[in-house]
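These notes are about the structure you will find just below.
Chains as they are written, first to last, in our numbering: chain A, 1 to 615; chain B, 616 to 730; chain C, 731 to 834; chain D, 835 to 1082.
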């Protein structure tokens, strides 16, 4: 297809998965399993290919814009809905497509799919993510937010034989819906004054306005839905519950791209609609506080887990906290670094979840303590796990390390000198926890943990009763391994391919360019030429910090493996922390009422943090 | 009257959320969530209302004019109602399964997910 | 007109509160259905016949019906262990008068 | 958290959120005011496309993308409910018990009302572009109507007129047709969901171009989808039971 025709075909990225999903619903029960699997994987791959074409076009022409149903804007107003792909949204569309392809490849033949319905739900989920990433309209974003949600709740609760799965799905559903409704209330409030819903139109109207209470309240409410999706403290409770119980290939999508789409929603809506009205430093302050709190609490929770998927889920929350700090710098480099961080993280975390799924299929549980030494024969898996875990803690040359170092530098440059310290500490703690689990499971290092040991016996989810995603597998199927290898290789490639940093820096400039977005969406304006920017690439200092966090992660892993063998003095140092840990654990109670109460307190706190200094 | 409708909407949202917080039954919590969402319908339609204006459906008797209430909020509310029905259905299905697996639908007694 | 709107709004607020305050879910299906009807009236008063029609079908009939069916499957399960005879009075397959919008 | 602690946290949070709402509401345009920018644009656009029901024009023409997403949500949740309410490994389907005693008048009313509601539903679907209603509303009426059979006391009768596989296909065809018409818009007029069919004259049954066809697709999807959705709940209630119970 020629470059000029690309905008016309942009909606296909959203429509094709829905249509194929319909086909699977209609005839899925009559087709043989390989055919439905092939159809689903083929569709996901085709969507990925389309997204790649759009990304290429967008990085040349700035943005790919299409107004659905042909309602082009006049006088900066329109009745239609635009789909707008700038490099960041097209990149996310590509990431979502690629991860769904890998997840479906992993599921090939093995994940129990009731007459093609698992594949159909995955495709609807894909459509929701693509729609959310590409939409240029507030209400339309809400619709696709809900589509993501509807498919995701069902996918979470799929293993109906598993008592925690259905509860996790329910909690996820209630929290996300509540967040969505508060967002919708915010949209209605904004609409009452401005009478438009498109992001570019609203951005044009709000530019250079003094923000009054209506704008701030609307902003805070709209953000709530996205922050719930992004699992920021104290909206994060649902994530660990949902990830712990969803089938592994679904976790890949949750951790790899859905949660990040929440962060994207925050960045997109702030940059295009509100950045002209709400001063930058207030937004930076609010989100840096939120991100730091999230990263800290989640890193501590991560270290406390023995349920492998729950452990990985808390590590995701901690990393999302760091992404948010990166985007909150509101600088080109911070944004570029955080975007690169997201992509690098997606590949590694996806690989780790799939490895956890393999363990579950082979050994019947995901409890780190029970799995001790069970998988010593799985050499290939052990290597992949070790590589992914070290990559997660920041080991170069994975793309994650590059993103992390660029973000650290930008955060420090914004005036938060403690930023790099936090980044290194959180990477070391979460990476250490992941490594600890791997060293126990694959290498039988450290003393054998007692099945009922730990600070909070009876107060935690162990993962011993988790129901497998598949029939018990004697050995790892080649399709599963292939999916994992592709993911790890992809994560490595983002750090090694020259020019990747440059591409992300250009993409970040497009995301933060409000005027350019509006001009190109509402008119036929050519994109502004890109500013020259400092190189986004490996630096000696960054590599040093990355190596440091990887080394510290190894240290953390070693310490917690051999905690029993430490001298009494060291134990005494940690004793005052015990009540804090117990309280922290108790707060994650799995009680829906608690979570809703925290959600409202969170909205109030966030609004106060953002709005009070402005009034 | 100038803001009464808005306050009714906010009341419904908050009272629905309160229902979830103090709920002793997951089905009750799901229904409360539906009440919370109905607050958004009321808010949307209230935003688009105009005193004395007619429904935005023209016909042989009503000539096209601008003296109608906002059709856009109505379209949004329609979507919202579909979302409500479908989300409620999924959550009820999950609640039914929770009761089968754990033998209770009281959030205070559900213990599968902790820490 | 204003009086009609104000009373419809007040009714919705009161009935909505009543739905949340009904702690026995069996009765909630009924109050929810009634709440759906009050919302329908409000939407008509707000000049939104399209929305009122959907609300009538979804909010007053389909959703309460699903709530009722969900409650019955849950109750049937809870009265089972140990006392199989007891479940006889909640005989499945026999519709009771609580079917929200079903009653003509 | 304890019950009291939970309520305390909630009341602090909700109190602040209520204050936020209040502050915003007093800065919003007053209820019932005359300033509705989008309304003015939408009415003009609907008239330009010969669509008498402006809400239908917004739903299927101007903001058709929203409705496409909405239909996908419906499909996803119907499939999701089917997955969640399937009989689990320890369960099996039970033969439905004989219905209890039903008053003959209730039965008669149920059967008599069925064709009436179906006709009303069809009418609501077909006239969506000119009168209030449309595919969604009509589909819901049809789905509700079918369940009058259940109220009339006959689950077997309901089961006969409701071959689930066919309804699954119906809902999928409806959803796919919506997407397909959207793509046809790209082919015929370069943009997704473009209203490329002849638009007829204002207020007629055949007016409004694609709005008419899309209404039909949505009617099919919603009607079938709602029936399937309720069917899964009914099945759960009536015929799924633990294998152990069945053995008795």
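Yeah, the Cβ is synthetic: ideal placement off N, Cα and C, and Gly gets one too.
Determine, using beta carbons only, whether residue i and residue j come nearer to each other than 8 Å.
{"i": "residue 140 of chain A", "j": "residue 900 of chain D", "result": "yes"}
{"i": "residue 604 of chain A", "j": "residue 850 of chain D", "result": "yes"}
{"i": "residue 283 of chain A", "j": "residue 328 of chain A", "result": "yes"}
{"i": "residue 338 of chain A", "j": "residue 323 of chain A", "result": "yes"}
{"i": "residue 62 of chain A", "j": "residue 86 of chain A", "result": "yes"}
{"i": "residue 911 of chain D", "j": "residue 705 of chain B", "result": "yes"}
{"i": "residue 1070 of chain D", "j": "residue 711 of chain B", "result": "yes"}
{"i": "residue 51 of chain A", "j": "residue 93 of chain A", "result": "yes"}
{"i": "residue 214 of chain A", "j": "residue 189 of chain A", "result": "yes"}
{"i": "residue 371 of chain A", "j": "residue 430 of chain A", "result": "no"}
{"i": "residue 688 of chain B", "j": "residue 707 of chain B", "result": "no"}
{"i": "residue 462 of chain A", "j": "residue 306 of chain A", "result": "yes"}
{"i": "residue 347 of chain A", "j": "residue 488 of chain A", "result": "yes"}
{"i": "residue 254 of chain A", "j": "residue 242 of chain A", "result": "yes"}
{"i": "residue 161 of chain A", "j": "residue 922 of chain D", "result": "yes"}
{"i": "residue 859 of chain D", "j": "residue 622 of chain B", "result": "yes"}
{"i": "residue 679 of chain B", "j": "residue 892 of chain D", "result": "no"}
{"i": "residue 83 of chain A", "j": "residue 599 of chain A", "result": "no"}
Does DSSP classify residue i as helix, strand or coil?
{"i": "residue 833 of chain C", "result": "At residue 833 of chain C the pLDDT is 33, less than 50, meaning the model places this residue with poor confidence; the figure from the coordinates comes in the next sentence. Residue 833 of chain C falls in the coil class under three-state DSSP."}
{"i": "residue 1051 of chain D", "result": "helix"}
{"i": "residue 589 of chain A", "result": "coil"}
{"i": "residue 444 of chain A", "result": "coil"}
{"i": "residue 231 of chain A", "result": "coil"}
{"i": "residue 866 of chain D", "result": "strand"}
{"i": "residue 813 of chain C", "result": "Its pLDDT being 34, under 50, residue 813 of chain C is placed unreliably in this model, and the value from its coordinates should be taken loosely. Residue 813 of chain C falls in the coil class under three-state DSSP."}
{"i": "residue 721 of chain B", "result": "coil"}
{"i": "residue 703 of chain B", "result": "helix"}
{"i": "residue 825 of chain C", "result": "Confidence is the limiting factor: at residue 825 of chain C the pLDDT is only 38, short of 50, which leaves the residue's position unreliable, though a coordinate-based value still follows. It is coil, neither helix nor strand."}
{"i": "residue 640 of chain B", "result": "coil"}
{"i": "residue 97 of chain A", "result": "helix"}
{"i": "residue 314 of chain A", "result": "helix"}
{"i": "residue 345 of chain A", "result": "helix"}
{"i": "residue 533 of chain A", "result": "coil"}
Specify, as a first and last residue, the run of the alpha helix (DSSP H) that residue i falls within.
{"i": "residue 65 of chain A", "result": "Per DSSP, residue 65 of chain A belongs to no alpha helix (DSSP H); it is in the beta strand (DSSP E), 64-67."}
{"i": "residue 241 of chain A", "result": "237-245"}
{"i": "residue 200 of chain A", "result": "199-206"}
{"i": "residue 192 of chain A", "result": "163-194"}
{"i": "residue 780 of chain C", "result": "779-787"}
{"i": "residue 739 of chain C", "result": "732-751"}
{"i": "residue 758 of chain C", "result": "755-775"}
{"i": "residue 623 of chain B", "result": "619-636"}
{"i": "residue 541 of chain A", "result": "540-561"}
{"i": "residue 518 of chain A", "result": "514-522"}
{"i": "residue 1002 of chain D", "result": "998-1023"}
{"i": "residue 273 of chain A", "result": "No alpha helix (DSSP H) contains residue 273 of chain A, which DSSP labels as neither H nor E."}
{"i": "residue 565 of chain A", "result": "Premise fails: residue 565 of chain A is in no alpha helix (DSSP H) and is neither H nor E."}
{"i": "residue 873 of chain D", "result": "871-882"}
{"i": "residue 918 of chain D", "result": "898-918"}
Provide the residue(s) that pair with residue i in DSSP beta bridges, ordered along the chain.
{"i": "residue 29 of chain A", "result": "Beta-bridge pairing links residue 29 of chain A to no other residue."}
{"i": "residue 683 of chain B", "result": "B/669"}
{"i": "residue 307 of chain A", "result": "A/367"}
{"i": "residue 135 of chain A", "result": "A/83"}
{"i": "residue 814 of chain D", "result": "Residue 814 of chain D lies beyond the stretch modelled for chain D, which goes from 835 to 1082, so this question has no answer here."}
{"i": "residue 74 of chain A", "result": "A/77"}
Since residue i is in the beta strand (DSSP E), which residue starts that stretch and which ends it?
{"i": "residue 82 of chain A", "result": "82-85"}
Give the list of continuous alpha helix (DSSP H) stretches no shorter than 4 residues that lie fully inside the region 352-440 of chain A. Here the runs fully enclosed are 379-392, 399-413.
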